[in-house]
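> Could you have a look at this structure, given as structure tokens, before my questions?
In UniProt numbering, the protein residues as written are 1 to 122.
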């Protein structure tokens, strides 16, 4: 699949400093910040700084350094937010069917309350 990155998406603008964010963690290759419309007491988004549309794009084209940094950044956010012991949900949507709203890879880390079932039965 040919991935086309839209550098005008909101996360690209956050990375360029055009839109402010509430930073939780910044590393060489990743940025984590609080969601503007939290769906749980803890709701942090973690994005790679590189121009990746979705996780499969990242997995196929990111450098080893980017992959390690991004994975460790997610772990560090969970540690910093104190969610590992009580549990959390990590969500990454991809494409139209996956209801991806921003075409830049991101994971949602949600915690702080029971989150219910992930999918409703059809």
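Don't be surprised by glycine CBs; every beta carbon is placed ideally from N, CA and C.
Cα separation between residue 30 and residue 101?
Looking at the two C-alpha atoms, the distance is approximately 19 Å.
> What are the start and end residues of the alpha helix (DSSP H) that includes residue 10?
Segment 10–15, the alpha helix (DSSP H) holding residue 10.
> Taking the alpha carbon of residue 85 as the reference point, which residue from 94, 75 and 93 has its own alpha carbon closest?
Residue 75 is the option with its Cα nearest to residue 85.
> Measuring only the C-alpha atoms, how far is residue 113 from residue 40?
Computed Cα separation, rounded: 7 Å.
> Below 7 Å CB to CB, which residues in the same chain sit around residue 58 once its five sequence neighbours on both sides are set aside?
Taken in chain order, the residues that qualify are 48, 52 and 105.
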